[in-house]
Amino acid sequence: MNEIFLSPYNPLSTEQTIYKLWEDSGFFNPDVCIEKGLTAVDADYFSIVLPPPNVTGTLHMGSAYMLALEDIMVRYNRMLGKKTLWIPGTDHAAIATQSKVEKIIQKAEGVNRHDLGREAFLGRVEKFAQESHDTIVDQMKKMGCSLDWSREAFTLDEKRNLAVRTVFKKMYDDGIIYRGHRIVNWDPKGQTTISDDEIVYQEEKTKLYYLTYGPFTIATARPETKFGDKYVVMHPDDTRYTQYSHGEQISLEWISGPITATIIKDESIDMEFGTGVMTITPWHSVVDFEMAERHNLDKEQIIDKYGKLLPIAGEFAGMKIADARKGILEKLKSKGLLTKEEDYVHNIATAERTGGIIEPQIMNQWFIHVNKEFPYPHDNMPHVQKGEMVTLKKLMLSVVENNDIEIIPDRFEKVYTHWIGNLRDWCISRQIWYGHQIPVWYKGDEIYCDVTPPTEPGWEQDADTLDTWFSSGLWSFSTLGWPNTGNSVKGKTGPENDFANYHPTTVLETGYDIIFFWVARMILMSTYTVGQVPFQHVYLHGLVRDTQGRKISKSLGNNIDPVDMIEKYGADAVRMALVIGTGPGNDSKMSEDKLKAYKHFANKIWNITRFVLSNTDNSPLQKQEVPLTDTDQTLLAEFKTLIADIKQDMDTYRFYLAGEKLYGYIWHRFADVIIEESKAKLPDPATAVSTQYMLRYILEKSLVLLHTFMPFIT
RNA sequence: GGGAGAUUAGCUCAGUUGGUAGAGCAACUCGUUUACACCGAGAAGGUCAGAGGUUCGAGUCCUCUAUCUCCCACCA
128 MNEIFLSPYN PLSTEQTIYK LWEDSGFFNP DVCIEKGLTA VDADYFSIVL
178 PPPNVTGTLH MGSAYMLALE DIMVRYNRML GKKTLWIPGT DHAAIATQSK
228 VEKIIQKAEG VNRHDLGREA FLGRVEKFAQ ESHDTIVDQM KKMGCSLDWS
278 REAFTLDEKR NLAVRTVFKK MYDDGIIYRG HRIVNWDPKG QTTISDDEIV
328 YQEEKTKLYY LTYGPFTIAT ARPETKFGDK YVVMHPDDTR YTQYSHGEQI
378 SLEWISGPIT ATIIKDESID MEFGTGVMTI TPWHSVVDFE MAERHNLDKE
428 QIIDKYGKLL PIAGEFAGMK IADARKGILE KLKSKGLLTK EEDYVHNIAT
478 AERTGGIIEP QIMNQWFIHV NKEFPYPHDN MPHVQKGEMV TLKKLMLSVV
528 ENNDIEIIPD RFEKVYTHWI GNLRDWCISR QIWYGHQIPV WYKGDEIYCD
578 VTPPTEPGWE QDADTLDTWF SSGLWSFSTL GWPNTGNSVK GKTGPENDFA
628 NYHPTTVLET GYDIIFFWVA RMILMSTYTV GQVPFQHVYL HGLVRDTQGR
678 KISKSLGNNI DPVDMIEKYG ADAVRMALVI GTGPGNDSKM SEDKLKAYKH
728 FANKIWNITR FVLSNTDNSP LQKQEVPLTD TDQTLLAEFK TLIADIKQDM
778 DTYRFYLAGE KLYGYIWHRF ADVIIEESKA KLPDPATAVS TQYMLRYILE
828 KSLVLLHTFM PFIT
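Those letters in the first sequence? Residues 128 to 841, by this note's numbering.
Here is the structure:
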């Protein structure tokens with residue numbers, strides 16, 4: 128017996144050297160496993176792409192949970208003999224990373240990105256991203272992740288950029304991507320558009336002001352936007368206003384003087400709210416914009432992109448809207464137009480990353496058309512025929528409704544389909560610098576879109592970059608060699624054949640909080656671009672919260688660094704604590720008590736091993752069958768039943784159960800009962816050999832089973 | 001406004017198709033037996049939120065109620 132077993136288990140001193148051994152072995156690379164005869168060339172495959180962590184700093188416990196779950200799946204399938212690929216990578220996270228670096232340089236040097244200029248600023252961002260990347264990779268290795276580092280990817284590297292440009296061009300040619308003046312979510316603070324999903328609503332207590340608008344009374348929470356309102360809208364069935372007809376013009380006195388207003392009848396009006404009459408501001412409200420589109424009404428800009436009032440506001444022009452409100456109210460009051468005000472609670476839209484208050488604006492931006500019909504060009508989707516007229520929405524719905532993709536837990540299928548139902552065109556252009564620049568060039572009125580720039584002089588590239596989720600959406604296939612997959616052959620080894628061998632990926636394992644951001648976008652991109660689902664199963668994990676059940680956030684300062692926990696309790700204990708007791712889709716709380724318990728378990732395993740080795744080391748134990756006592760036969764049969772049970776749990780994604788059963792068996796059955804009873808049987812020549820065989824068998828198999836959960840100690 | 005989830009031992013949470021309630025931590029008693037005190041043995045602790053229903057049998061299925069959490073939409 129190795130004398131290492133004489134002292135308690137020390138994870139810190141062993142984990143790093145063990146990870147090194149794994150890396151040197153090359154077994155995380157499926158090609159090496161095939162070369163060395165560990166995996167059959169024609170074996171089934173199992174593949175996962177790692178949800179790439181944002182290069183905005185360090186990993187948190189939530190990422191550690193994700194890594195633990197995925198490594199468990201990957202090691203399990205690799206041990207089953209499947210060709211197993213787990214691709215590592217990181218995400219440039221465009222706006223998140225840019226705003227983080229902007230904050231850093233603002234604080235440290237008092238400069239903003241415009242002071243530095245595009246090129247110099249991007250240099251800073253790249254340096255920051257590189258440092259974050261290195262930290263994150265180190266953290267992933269400390270967690271014991273069996274990722275194939277030879278295939279590492281970055282959402283903004285050259286290969287992924289080629290994939291982005293290729294998809295953009297294809298969508299542009301198909302009319303799926305279009306440029307147009309449409310209402311978008313403008314963040315005056317970040318000076319960029321953001322998508323609907325990047326909006327965070329915050330409750331605000333304010334006033335609802337009632338204003339006299341000719342013969343009507345209208346209510347508004349934002350008097351500063353009302354300068355240009357020249358349409359007054361009511362429900363066609365509202366009996367209070369039957370004397371007014373659609374299109375009728377009336378003259379009235381408004382904020383800056385007399386105006387002519389037009390009556391509009393629209394069924395979207397809620398007769399119950401306020402007076403049942405409202406004026407509209409199509410340039411700065413999504414709902415009003417849609418109404419204006421329906422009736423072909425004029426739209427006028429009131430607020431500029433810095434959040435300041437335009438000349439239409441008369442003496443208030445140039446003022447920030449928040450500053451102007453008071454003066455505007457006074458003016459309304461003095462003109463006798465303000466009749467009533469009451470307390471009002473509503474939600475205001477803010478930008479997730481900058482906290483800026485969103486001001487809807489009509490702008491010329493790039494969009495992905497989710498409702499445009501086109502003939503489906505691929506012929507390998509089980510429930511969509513080649514040539515069938517589809518939309519991106521239909522594709523996204525079809526694969527989940529037909530179970531081409533299984534979502535675990537299944538209640539999220541409803542969440543997903545409901546979200547698709549409400550989906551609007553996706554605004555993909557961003558006025559930030561860090562990201563994939565849009566592959567479109569302009570010369571006067573001419574537009575040129577291609578994978579490569581135009582060769583003639585005089586063309587200028589669109590300055591905007593793409594929403595970070597555009598490149599993330601391609602992740603399942605951009606990491607597998609696409610678009611250079613022309614010679615990709617199933618059954619042949621090497622990265623050039625990855626697409627044929629490993630796509631669709633087997634499982635996407637990620638947090639339920641990014642089902643819309645990412646899961647849906649990957650489904651959109653993959654079914655459209657390569658005619659395959661991106662993954663066959665989606666396993667959604669919950670959030671890891673702090674001991675008080677709060678969300679981990681920077682402002683609360685309650686982030687636990689997994690590396691600190693690994694140093695204190697060992698990576699194996701961290702993995703067990705994260706995985707056990709938490710089913711898919713459920714949030715969990717991280718407590719040090721739980722970590723301590725699994726560190727003790729690691730030590731228990733250590734001592735079990737020490738006992739078994741010291742009692743079987745010098746025995747003539749061979750691989751061949753040993754005549755077993757009835758007792759030992761029963762014990763082994765019981766153990767084999769457990770293995771079958773655990774295998775079933777593993778196959779049905781119930782890792783939390785499998786881990787708990789292993790824990791319970793090893794500690795409270797094997798150690799507390801079987802080993803205790805063996806102490807009487809070992810010295811007896813009649814039972815010694817059988818007992819030794821039985822102990823050794825259970826120990827070795829237990830370690831194998833436990834390896835997926837606790838790879839280092841086992 | 002729409003939807004989802006939770007409510008089980010003092011605390012944190014498991015409990016897969018309905019069949020005698022489980023784990024970790026904490027607390028209690030005993031034990032320092034040559035794998036382990038990062039241990040073992042034992043005992044204690046729950047009308048499984050409440051009410052009704054289905055069933056031979058319900059924490060598990062159905063209905064309603066209460067409380068909490070989250071997601072989506074966002075009304076001038």
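For every residue, glycine included, the Cβ atom is placed at its ideal position computed from N, Cα and C.
- By the Cβ-count criterion, Leu133 is exposed, with fewer than 16 other Cβ atoms from all chains shown falling within 10 Å of its own Cβ.
- Around the beta carbon of His308, fewer than 16 other beta carbons sit within 10 angstroms, so the residue counts as exposed.
- Taking C-beta separations shorter than 7 Å and ignoring five residues to either side along the sequence, Lys163 has no partners in its chain.
- Every alpha helix (DSSP H) stretch that sits fully inside the stretch 405–457 and reaches 4 residues is listed by chain position as 413–422.
- Remark: three or more beta-carbon pairs, one from each stretch, lie closer than 8 Å, so the stretch 715–724 and the stretch 661–674 are flagged as touching.
- Three or more beta-carbon pairs drawn from the stretch 149–162 and the stretch 615–626 are found closer than 8 Å, and the two stretches are therefore classed as touching.
- Close CB contacts of Gly514 within its chain, under the 7 Å cut and outside five residues either way in sequence, are with Pro502, Tyr503 (chain order).
- By the neighbour-count criterion, in which a residue is buried when 16 or more other Cβ atoms sit within 10 angstroms of its Cβ, Leu148 is exposed.
- Annotation: Thr369 to Glu375 spans about 12 Å, alpha carbon to alpha carbon.
- Judged by DSSP secondary structure, Arg205 falls within the alpha helix (DSSP H) whose first and last residues are 188–206.
- For Thr481, there is no enclosing alpha helix (DSSP H), as DSSP marks it with neither H nor E.
- Excluding sequence positions up to five before and after Pro409, its CB lies within less than 6 Å of the CB of Asp415, Phe416, Ala419, Lys426, all in the same chain and listed in chain order.
- For Met508, there is no enclosing beta strand (DSSP E), as DSSP marks it with neither H nor E.
- Here Trp568 carries a strand assignment [DSSP, helix/strand/coil].
- For Gln588, the secondary structure class from DSSP, reduced to helix, strand or coil, is strand.
- Boundaries of the alpha helix (DSSP H) harbouring Met821: 815–834, taken from the DSSP string.
- Around the CB of Ser190, 16 or more other CB atoms lie within 10 Å, so the residue is classed as buried.
- Phe173 sits close to Lys209, with the two beta carbons spaced by under 7 Å.
- Two segments are said to touch when three or more pairs of C-beta atoms, one from each, lie closer than 8 Å; by this definition the stretch 556–567 does not touch the stretch 263–271.
- In this model, Thr606 and Leu194 are separated by some 18 Å (Cα to Cα).
- One thing to note: Tyr337 has its Cβ no nearer than 7 Å to the Cβ of Ala348.
- Between Ala444 and Leu436, the gap from beta carbon to beta carbon is short of 7 Å.
- For Asp314, the uninterrupted beta strand (DSSP E) segment begins and ends at 304–314.
- Secondary structure of Leu722 (DSSP, three-state): helix.
- Contact check for Val665 against Pro631 fails: the beta carbons are separated by 7 Å or more.
- Contact between Ile735 and Phe836 fails: their C-beta atoms lie close to 16 Å from each other, not under 8 Å.
- DSSP places His668 inside the beta strand (DSSP E), whose first and last residues are 662–668.
- The count of Cβ pairs closer than 8 Å, one atom from the stretch 477–484 and one from the stretch 319–328, reaches three, so the stretches are in contact.
- In this structure, Leu833 sits away from Leu769, with a CB-CB distance that is not shorter than 7 Å.
- Annotated as proximal: Pro689 and Met188, with beta-carbon spacing under 7 Å.
- Beta-bridge partners of Glu330 (DSSP): Asn474.
- In this model, Asp397 and Ile391 are separated by some 14 Å (Cα to Cα).
- Residues Ser259 of the same chain have their beta carbon placed closer than 6 Å to that of Gly184, with the five preceding and five following residues left out of the count.
- DSSP, read as helix, strand or coil, puts Ala167 in coil.
- Here Trp645 carries a helix assignment [DSSP, helix/strand/coil].
- By a beta-carbon distance limit of 8 Å, Pro179 contacts Thr282. Their separation comes to about 6 Å.
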